[in-house]
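A.B. asks: Number 44 in UniProt numbering belongs to position 44 of the sequence shown; there are no gaps in the numbering.
Don't be surprised by glycine CBs; every beta carbon is placed ideally from N, CA and C.
Predicted model, so just to flag it, every value in this text is computed and none were measured.
One structure follows; several queries about it will come next.
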Amino acid sequence: MCTSKKRFTRNEVYNTIQATIACVQKKSKTWILKHKKSDGGLYFDMGFKLDIGKLTINIVKLGGEAIKLQSLIENAFNTGLIAYADIDFLPYPPNTIPPKTEFFNLFLGFKAKPASHINYDLINPIIWHIEYIWCNGDKNLSEYVLKWFAFLVQHPSIIPETILVLRSPPRCGKNIITDFVRKSLFGPELVYSTSDLRKFLENSTVLFKDASL
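Rendered as structure tokens:
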């Protein structure tokens, strides 16, 4: 946006600023920038200074005149468009409107998105593995496990009152599902794998125990 000669409307510019930049004002300012990784994932970068150099943008209403991006960002902060009182982590279910809060929400959403149609060729092997490998054919237990995972997605801001502990010799299939959940369902940023159950990570939606008991 800032290096081409293309002209943008004022709304386009401020919508882009609001989607990619935030500022938390406490004793000092903390600037937050949203970036895209090579794999398409998103992440935040934070700092006490916003260093964007002398980048400019051409505004349509001003006849295409170049304006410093820094001044537009400062105006967005002064008008409250990108100003927040604090930072927090508040996950919300997929396909819902992000909650409006006075704090900046670090939650970027789940990696997997709801599908319009269920592909049972993909789902059935997962259900089978949970029922017969994890739960040894116990139908009631496998249904509990599925509902436990569903709860994490349907109510992600509520910490479950139970955890899943998988106990077996190595290479019995424990990590097939947990790796899928971490990489494809929640995303690596929301899952923490540890060999110490005493550890607790506030910003994780899922906590896996990966060790023999």
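With a 10 Å radius around its C-beta and 16 neighbouring C-beta atoms as the bar for buried, classify V13 as buried or exposed.
C.D. replies: It counts as buried.
A.B. asks: Find out if the Cβ-Cβ distance for the pair I57, I67 is shorter than 7 Å.
C.D. replies: Contact: yes.
A.B. asks: Taking one C-beta from the segment 11 to 25 and one from the segment 167 to 181 each time, how about it: are there three or more such pairs within less than 8 Å?
C.D. replies: No, they do not touch.
A.B. asks: Does the segment 70 to 90 come close enough to the segment 99 to 108 that 3 or more CB-CB pairs lie under 8 Å?
C.D. replies: At 8 Å Cβ cutoff, the stretches touch.
A.B. asks: Kindly indicate which three-state DSSP category D88 falls into: helix, strand or coil?
C.D. replies: Looking at D88 - three-state DSSP - the assignment turns out to be strand.
A.B. asks: To the nearest angstrom, how far is the alpha carbon of A211 from that of L141?
C.D. replies: Confidence at A211 is low in this model, with a pLDDT of 48, below 50, so the placement of that residue should be treated as unreliable; the coordinate-derived value is given next. The straight-line gap from Cα to Cα measures roughly 21 Å.
A.B. asks: Looking only at C-alpha atoms, which of F186, I59 and N75 sits nearest to T9?
C.D. replies: For the residues F186, I59 and N75, the minimum Cα distance to T9 belongs to I59.
A.B. asks: Considering Cα atoms alone, identify which of F180, F186, I177 and P125 is closest to Q154.
C.D. replies: It is F186.
A.B. asks: In three-state terms, what does DSSP make of F48?
C.D. replies: Here F48 sits in coil by DSSP.
A.B. asks: Of all the options L33, Y120 and A83, which has the alpha carbon lying nearest to the alpha carbon of F103?
C.D. replies: Closest by alpha carbon: A83.
A.B. asks: So which of N78, I127 and K37 has the shortest CA-CA distance to V181?
C.D. replies: When only C-alpha atoms are compared, the closest one is I127.
A.B. asks: Could you check how far apart the C-beta atoms of residue 235 and P114 are, in whole angstroms? I think they sit under 8 Å.
C.D. replies: Given a span of 1 to 213 for the chain in the structure shown, any question on residue 235 remains unanswerable.
A.B. asks: What residues match up with W31 in a beta bridge as DSSP calls it?
C.D. replies: Per DSSP, C23 and G47.
A.B. asks: Taking 7 Å as the CB-CB limit, is I21 close to chain D?
C.D. replies: Judged by its chain identifiers, the structure shown contains no chain D, having just a single protein chain.
A.B. asks: Please list the terminal residues of the continuous beta strand (DSSP E) segment that includes T56.
C.D. replies: Looking at the DSSP string, the run of the beta strand (DSSP E) that includes T56 is T56 to I59.
A.B. asks: Quick one: residues in its chain with C-beta nearer than 6 Å to the C-beta of L166, no 5 flanking neighbours on either side, listed in chain order?
C.D. replies: Only K174 meet the Cβ criterion.
A.B. asks: Just verifying my parser: in three-state terms, what is the DSSP assignment at C2?
C.D. replies: Note on C2: pLDDT 48, under 50, position unreliable in the model; the coordinate value appears next. The answer is coil: DSSP assigns C2 none of H, G, I, E or B.
A.B. asks: Relative to the alpha-carbon of residue 217, which residue among L72, T162, T30 and N78 has its alpha-carbon at the smallest distance?
C.D. replies: The structure shown does not extend to residue 217, since the chain spans only 1 to 213, so no value can be given for it.
A.B. asks: May I ask you to report which of helix, strand or coil DSSP gives residue 217?
C.D. replies: Residue 217 lies beyond the stretch modelled for the chain, which goes from 1 to 213, so this question has no answer here.
A.B. asks: Quick one: what's got a C-beta closer than 6 Å to T3's C-beta in the same chain, skipping five residues either side?
C.D. replies: Residue confidence for T3 is low, a pLDDT of 48 falling below 50, so the modelled location carries little weight; the figure read from the coordinates is stated next. Hits under 6 Å: none found.
A.B. asks: Helix, strand or coil: how does DSSP classify F8 here?
C.D. replies: If DSSP states are grouped into helix, strand and coil, F8 belongs with the strands.
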